[in-house]
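Scroll down for the structure; my scribbles are underneath it.
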Amino acid sequence: MRLVLTLVGLIVLGMALMATVGHAGLGGALYQTLLDAAGDAVPNPTLDPFGKVVQVTITLSGLALIPVITAVVVDGLVRARLTDPKPEQDRFGDHVVVVGLGNVGTRVVGQLHDLGISVVCVETDENARGVQLARRLGVPVVFGDATRDDTLRSASVANARALLLLTSSDVVNLEAALQGRALERKTPRDDLRVVLRLFDDDLAERVERSLGIAISRSVSRLAASAFAAAMMERQVIGTMSIGRAVLMIAEVPVSASSPLTGRPIGAANEPGQARVIALRHHDGNDLDWAPASTDPLRPLDRLIVVATQAGLGRLLARSMAPVPSGNGDGRRGSDTHQ
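Residue numbers (the working numbering): 272 to 609.
Here it is as C-alpha cells:
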C-alpha cells in the first residue's frame, strides 16, 4: 500500500509540474499525464530537459502502478477468502483435543465419538491410520506440529475440556503438553485436563509429580500388567489403573485341603494387597456381593478379589492344595538294579 501511494504521489506531482512550470494548464496537464501514465507516451524532441524528465517519471510510475495495484487487489481477495470469520481460539468449544491418530489415538477418537463427546484431532501425517476414521465420523482434523503454538490454537485448546497426547513419541507428547499448559495460562481458566501417553515409566512419574500434569500413563507399565494377567491364565478377569498402581480383578478358586479351606472369608484379605469383593458359592453360579467376613470357605468356592500382582500371587498360593513332597523314605522311585 505504501508503494501504491508513492507511485500515485509521483504521478500527481508530475501533473502539477506540467500545469505550472510547463504552462500546459490544468486540462492539458491532466490529458498528458493520463496518456503518459498508461504507457502511451510519445517522444517529443522539442520538449525542454525538465519536461522530458517529468514525462519519463510519469510514464515509469504509471507502468509500475498497474502491477502493484493488481497485486494488492489479489492479496486482499485471497485473505478475505482464507480468513476464518472466528478467531482460531473460538472455532471449537467444550471439546477434547486428541493429538496423534495412530493405533491408540484412533481407538480413543472412536470411543469418544460413540459417547457423544465433541473431538478435534491434531496430526502431522495426512496418511495416518486414524485420518480416514475421523473424516468418516465428521471429526475435524488439524494438520500440523502439535508442539507449535499456532497448531494448538487452531484446535482451540484454550476452550477444550481435555488435551490427550497420544503420539508414539514421549518428547512430542511432553512438549505439546507444556505448550497446552502455556496456552491455558493465557486464559482465565485453570481446569484443562491433560493426559499424556509415555513409554518410560520413570519419566511418566516425574512428569506427573513435578510438572503438575493431571494424568500420565506409561505404556510399559500398563502392558506389564496385561502380560502378568496372561501368565495367570483365566484367573484374571481384568485390570485397572489406580493412580500409579495397576490392580487386577481375579477369580480365585478354593481347592480342597488348601490352607484357606474352612477358614473365614476375611482370612483371604491382605491389607493393601488383596481384598475379597464377592463370593461364588460352590453350589451355585450367583455372586454374593456382600459375603460375611466370618463365613467359612468351602472347597470349590470361588473368590472375586481386587489385588496387586504380588498380593494375587500369594493368595493363589494359599488357595491351592499343597503339592505332595514325594516318598517318605527319600527314594525317588521303586526301580532296583540287579
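Glycine included, every Cβ here is placed at the ideal spot set by N, Cα and C.
Please return the same chain residues whose Cβ sits closer than 7 Å to the Cβ of residue i, not counting the five positions on each side in sequence.
i, result
"residue 316", "Note that residue 316 has pLDDT 49, beneath the 50 cutoff, so the model's placement of it is unreliable and the number below is only indicative. Nothing meets the Cβ criterion."
"residue 474", "441"
"residue 577", "518, 520, 546, 548"
"residue 386", "none"
"residue 376", "369, 401, 437"
"residue 560", "549"
"residue 443", "417, 418"
"residue 508", "520, 521, 522"
"residue 396", "none"
When the distance is taken between beta carbons, is residue j closer than 8 Å to residue i?
i, j, result
"residue 394", "residue 408", "no"
"residue 445", "residue 467", "yes"
"residue 417", "residue 447", "yes"
"residue 524", "residue 573", "yes"
"residue 571", "residue 506", "no"
"residue 380", "residue 405", "yes"
"residue 384", "residue 391", "no"
"residue 388", "residue 367", "yes"
"residue 541", "residue 585", "yes"
"residue 450", "residue 420", "yes"
"residue 579", "residue 544", "yes"
"residue 531", "residue 439", "no"
Which residues does DSSP pair with residue i in a beta bridge?
i, result
"residue 445", "Answer by DSSP bridge pairing: none, since residue 445 is not bridged."
"residue 390", "367"
"residue 559", "550"
"residue 478", "Answer by DSSP bridge pairing: none, since residue 478 is not bridged."
"residue 568", "Answer is none; residue 568 lacks a bridge partner."
"residue 414", "394"
"residue 524", "573"
"residue 518", "511"
"residue 455", "Paired residues: none, contrary to the question."
"residue 535", "567"
What span of residues does the beta strand (DSSP E) with residue i cover, start to end?
i, result
"residue 510", "507-513"
"residue 380", "That residue, residue 380, is in no beta strand (DSSP E); its alpha helix (DSSP H) goes 374-385."
"residue 577", "573-578"
"residue 469", "464-469"
Kindly indicate the opening and closing residues of the alpha helix (DSSP H) around residue i.
i, result
"residue 433", "Not the alpha helix (DSSP H): residue 433 falls in the beta strand (DSSP E), residues 433-436."
"residue 402", "400-408"
"residue 424", "420-425"
Identify, in the order they occur along the chain, each residue of the same chain with its Cβ nearer than 8 Å to the Cβ of residue i, setting aside the five sequence neighbours on each side.
i, result
"residue 592", "526, 527, 528, 529"
"residue 356", "At residue 356 the pLDDT is 46, less than 50, meaning the model places this residue with poor confidence; the figure from the coordinates comes in the next sentence. Same-chain partners within the cutoff: there are none."
"residue 563", "536"
"residue 558", "549, 550, 551, 575"
Please go through the same chain and pick out, in chain order, the residues whose beta-carbon is closer than 6 Å to the beta-carbon of residue i, but skip the five residues on each side of it.
i, result
"residue 575", "522, 548, 549"
"residue 533", "567"
"residue 481", "none"
"residue 273", "none"
"residue 565", "535"
"residue 455", "463"
Does residue i get closer than 8 Å to chain C when you measure Cβ to Cβ?
i, result
"residue 565", "Of the protein chains in the structure, only one exists, and it is not chain C."
Cβ contact check for the region 455-468 and the region 416-435: 3 or more pairs under 8 Å:
yes
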